[in-house]
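Peer 1: Structure below; questions to follow.
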Amino acid sequence: MKVLIIGKGGREHALAWKVKQSPLVTEVFVAPGNVGIEDCTLVPIHDDNILRLADFAEQEKIDLTIVGPESCLAIGLVDLFEKRGLKIFGPSQAAAQIESSKDFAKKLMHKYNVPTSEYKTFDDKQKAIEYLNTRTIPIVIKEDGLRAGKGVTVALTREGALEALENAFSEPNRVVIEDYLDGFEFSLIALANGEDIIALEVAQDHKRAFDNDEGPNTGGMGVYSPVDKITPSIVQDTIDLIMKPMLKGMKAEGMPFKGFLFAGIMLTDKGVKTIEFNARFGDPEAEGILPRMKTDLVEVILNILDHKITAIEWDNRYTVAVVMASENYPYSSTIGAEVEIPEDIESYIFHMGTKKEDDKLLTAGGRVLAVVAYGDTLEEAQKNVYNDVQQIKSEKLFYRKDIGAKMCYDNDKNKI
Ligand code: AMP
Ligand code: GLY
């Protein structure tokens, strides 16, 4: 069968790499893909050009399309494909609002008793400030809409919260103010078909740009998987209290969720609470989790679309994925800086934002590479990945040196 993957980042590189291994698949197309993707056919159509993508899938007789990024979901890619009778794994435009509007997601969570923090949504700065004055600090300010993980401020002081509100309302905006959740954050991603889910293994992302969770929020600077602190019973709670009620609620609202359902969860002293949902696989979660998946992803997707649940087999080893980003990320991207990757590197290299000119590999985005290594222990995976990261030469890249360190120290910096 022919599979089309939509998107161009590290997540799509990892998806293409995994789908390519499926014995069911004869050809993998990636639109538009990136220069790191091997043995697949790159299709030069931007992921937001949904009409051309649907035309291509029709002409090429694509049997299954898997969607990577959120922006094309929010403009109705899946609805269009389905209208044309094309099989696609991703949520409809209506269901994708779970990510594209923080306010929408919060309303649904409250309506269906999905544990999350208290919140209010504002279009007016003055009213937002009045509400802020009634809440305790820390507090979280979130701009509504798709912001690639960057429209969120966790304010540790009232001044910081006011500044975040000033920034958010420097133009007309809708802003969610929500109570701070203290705890241990993790990502649980599941495959959903509107009714059933199959959960993947847990990963922990590192959202802040710099070591020790300092600096601005980013799309994610690195993950590791599995996360020992998140026991099977915590995963089951997340499925039973958060994922399943949300899925049921979305079906009841007439917008069943199909595709990768991503829950950002905080393990608090009062149990699991939802930070956010995303309507897609995480990035770099995909790069950290897929190398541990032994079962054929295509088979799992086809089965769940057909209401059959596949038991997924996992590699017991740990993975650590380290993101190498442009020097000023998340504020700006360095484009065109040379990157040299030695031939004999053992880690997987998933390209997030690169291009090639005259056979030279150059940076082409904020997050540039995800480097992923295995280890029998987390410490070994860390050692392996950082050995390789240090061999990648570029003057314009930076990376966090503490991916995985939270497994040894919890948020209060106490040894587990
Ligand atoms: P979001 O885009 O909603 O995932 O927010 C980005 C990051 O901000 C999350 O991954 C958390 O690290 C942090 N964050 C968001 N909401 C909260 C909250 N209510 N309490 C604590 N941290 C939060
Ligand atoms: N890494 C978190 C995300 O994909 O939003």
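The opening position of the sequence shown corresponds to residue 386 in this note's numbering, with each subsequent residue numbered one higher.
All C-beta atoms, glycine included, are put in the ideal place defined by N, C-alpha and C.
1) Do you know how far the Cα of residue 636 is from the Cα of residue 785?
2) Within 8 Å (strictly less), CB to CB, does residue 573 reach chain B?
3) Which whole-angstrom value is the C-beta distance of residue 424 and residue 488, which I expect to be below 8 Å?
4) If you follow the beta strand (DSSP E) that residue 741 is part of, which residue opens it and which one closes it?
5) For residue 703 and residue 609, which I take to be in contact (beta-carbon distance under 8 Å), what is that distance rounded to the nearest angstrom?
6) Could you have a look at residue 464 and say whether DSSP puts it in helix, strand or coil?
7) Could you name the residues of the same chain whose beta carbon sits closer than 6 Å to that of residue 549, not counting the 5 residues immediately before and after it, in chain order?
8) Just the residues with CB closer than 6 Å to a heavy atom of the ligand AMP, in chain order, which are they?
9) Provide the residue(s) that pair with residue 402 in DSSP beta bridges, ordered along the chain.
10) Applying the 10 Å Cβ sphere with the 16-neighbour rule, what's the burial state of residue 762?
11) Do you know offhand how far residue 631's Cα is from residue 395's?
12) Excluding the 5 residues preceding and the 5 following residue 448 in the sequence, name in chain order all residues of the same chain whose CB lies nearer than 6 Å to its CB.
13) Note down, in chain order, each residue of its chain lying with its Cβ closer than 6 Å to the Cβ of residue 798, except the 5 sequence neighbours on either side.
14) Name, in chain order, the residues that DSSP records as bridge partners for residue 711.
15) Closer than 7 Å: is that where the CB of residue 731 sits relative to any heavy atom of the ligand NAP?
16) Mapping the DSSP letters down to three states, classify residue 791 as helix, strand or coil.
17) Three-state secondary structure (DSSP) at residue 431?
18) Quick one: give me the first and last residue of the alpha helix (DSSP H) that residue 512 is part of.
19) Look up residue 478 in the DSSP assignment and say whether it is helix, strand or coil.
20) Would you please state the rounded distance, in angstroms, between the beta carbons of residue 480 and residue 628? I believe it to be under 8 Å.
21) Spatial neighbours of residue 477 within its chain, please: C-beta separation below 7 Å, excluding the five flanking residues on both sides.
22) Would you call the stretch 681-696 and the stretch 764-773 in contact, with 3 or more CB pairs under 8 Å?
23) In angstroms, rounded to a whole number, what distance separates the CA positions of residue 644 and residue 500?
24) Do residue 670 and residue 806 count as a contact pair if the criterion is CB distance below 8 Å?
25) Tell me which residues share the same chain as residue 787 and place their Cβ nearer than 7 Å to its Cβ, disregarding the 5 neighbours each side in the sequence.
26) For residue 511, is the classification buried or exposed, using 16 other Cβ atoms within 10 angstroms of its Cβ as the cut-off for buried?
27) Starting from residue 504, follow its DSSP beta bridges and name the residues at the other end.
28) In whole angstroms, what separates the C-alpha of residue 544 from that of residue 554?
29) Considering only DSSP beta bridges, list what residue 578 is partnered with.
30) By Cβ distance below 6 Å, which residues in the same chain neighbour residue 778 in space, the five residues on each side in sequence not counted?
31) What first and last residue would you give for the beta strand (DSSP E) that runs through residue 601?
32) For residue 687, does the count of other Cβ atoms within 10 angstroms reach 16, so buried, or fall short, so exposed?
33) Are residue 445 and residue 484 close, meaning C-beta to C-beta below 8 Å?
34) Between the C-alpha atoms of residue 557 and residue 508, what's the straight-line distance to the nearest angstrom?
35) Give the range of the beta strand (DSSP E) segment to which residue 626 is assigned.
36) On the DSSP bridge list, what partners appear for residue 542?
Peer 2: Here's the rundown:
1) The residue given as residue 785 occupies position 400 in the sequence shown. The residue given as residue 636 occupies position 251 in the sequence shown. If you draw a straight line from the Cα of residue 785 to the Cα of residue 636, it comes to about 40 Å.
2) No chain B is part of this structure, which consists of one protein chain only.
3) Along the sequence shown, read from residue 1 onward, the residue named residue 424 stands at position 39. Along the sequence shown, read from residue 1 onward, the residue named residue 488 stands at position 103. At roughly 42 Å, the Cβ-Cβ gap does not stay under 8 Å, so residue 424 and residue 488 are not in contact.
4) Translated into the one-based positions of the sequence shown, residue 741 becomes position 356. From DSSP, the beta strand (DSSP E) with residue 741 extends over 739-742.
5) Mapped onto the sequence shown, residue 703 falls at position 318. Mapped onto the sequence shown, residue 609 falls at position 224. Contact between residue 703 and residue 609 is confirmed by a C-beta separation of about 6 Å, below the 8 Å threshold.
6) Taking the first residue of the sequence shown as position 1, residue 464 is located at position 79. Reduced to three states, the DSSP call for residue 464 is helix.
7) For the purposes of this step, residue 549 is taken as the residue at position 164 of the sequence shown. Excluding sequence neighbours, residue 549 sits near 526, 538 and 540.
8) Around the ligand AMP, the residues selected by a Cβ distance under 6 Å to any of its heavy atoms are 502, 525, 527, 534, 537, 539, 563, 565, 566, 570, 592, 602, 649, 660 and 661, following chain order.
9) One-based indexing of the sequence shown puts residue 402 at position 17. Looking at the DSSP output, residue 402 shares a beta bridge with no other residue.
10) Counting from 1 along the sequence shown, the entry for residue 762 is found at position 377. With fewer than 16 other Cβ atoms within 10 Å, it is exposed.
11) Taking the first residue of the sequence shown as 1, we reach residue 631 at position 246. Taking the first residue of the sequence shown as 1, we reach residue 395 at position 10. So the alpha carbons of these two residues sit roughly 28 Å apart.
12) Taking the first residue of the sequence shown as 1, we reach residue 448 at position 63. Within the same chain, residue 448 has close Cβ partners 386 and 387.
13) Counted from its first residue, the sequence shown places residue 798 at position 413. For residue 798, the pLDDT reaches just 44, beneath the cut-off of 50, and the residue's location in the model is therefore unreliable, although a value from the coordinates is still provided. Listed in chain order, the non-local C-beta contacts of residue 798 below 6 Å within the same chain number zero, local neighbours out to five positions each way being set aside.
14) Position 326 of the sequence shown holds residue 711. According to DSSP, residue 711 bridges with 782.
15) For the structure depicted, the ligand NAP is absent and the ligand set comprises only the ligand AMP and the ligand GLY.
16) As a first step, residue 791 is located in the sequence shown; it is residue number 406 there, counting from the start. Here residue 791 sits in helix by DSSP.
17) Translated into positions along the sequence shown, residue 431 becomes position 46. Note: residue 431 maps to coil in three-state DSSP.
18) Along the sequence shown, one-based indexing puts residue 512 at 127. Element bounds for residue 512: 510-517.
19) Counting from 1 along the sequence shown, the entry for residue 478 is found at position 93. Of the three classes helix, strand and coil, the one that applies to residue 478 here is coil, per DSSP.
20) Locating residue 480 in the sequence shown gives position 95, where the first residue counts as 1. Locating residue 628 in the sequence shown gives position 243, where the first residue counts as 1. Contact doesn't hold; Cβ gap of about 14 Å is too wide.
21) Within the sequence shown, the letter at position 92 stands for residue 477. Answer for residue 477: 463, 464 and 640, listed in chain order.
22) Short answer: they don't touch.
23) Translated into the one-based positions of the sequence shown, residue 644 becomes position 259. Translated into the one-based positions of the sequence shown, residue 500 becomes position 115. Distance between the alpha carbons of residue 644 and residue 500: 22 Å.
24) Since the first residue shown for the chain is 386 and the last is 801, residue 806 is missing from the structure and cannot be characterised.
25) For the purposes of this step, residue 787 is taken as residue 402 along the sequence shown, with counting starting at 1. Answer for residue 787: 596 and 597, listed in chain order.
26) Locating residue 511 in the sequence shown gives position 126, counting from the first residue. Exposed: under 16 other Cβ atoms inside 10 Å.
27) Taking the sequence shown and counting its residues from 1, one reaches residue 504 at position 119. For residue 504, the beta-bridge partners assigned by DSSP are 563.
28) Indexing the sequence shown from 1 puts residue 544 at position 159. Indexing the sequence shown from 1 puts residue 554 at position 169. C-alpha separation (whole angstroms): 15 Å.
29) Counting from 1 along the sequence shown, the entry for residue 578 is found at position 193. Under the DSSP definition of a beta bridge, residue 578 partners with 643.
30) On the sequence shown, position 393 is the one that residue 778 refers to. Here the set comprises 725.
31) Locating residue 601 in the sequence shown gives position 216, counting from the first residue. Per DSSP, residue 601 belongs to the beta strand (DSSP E) from 599-602.
32) As a first step, residue 687 must be located in the sequence shown, where it is residue number 302. Residue burial annotation: residue 687 is buried, with at least 16 other C-beta atoms found within 10 angstroms of its C-beta.
33) Position 60 of the sequence shown, counting from 1, holds the residue named residue 445. Position 99 of the sequence shown, counting from 1, holds the residue named residue 484. Against a cut-off of 8 Å, the Cβ pair of residue 484 and residue 445 comes out as no contact.
34) On the sequence shown, position 172 is the one that residue 557 refers to. On the sequence shown, position 123 is the one that residue 508 refers to. Cα atoms of residue 557 and residue 508: separation of roughly 7 Å, rounded to the nearest angstrom.
35) Position 241 of the sequence shown, counting from 1, holds the residue named residue 626. Note, residue 626: premise wrong, no beta strand (DSSP E); not H, not E.
36) Residue 542 sits at position 157 when you count from the first residue of the sequence shown. Answer is none; residue 542 lacks a bridge partner.
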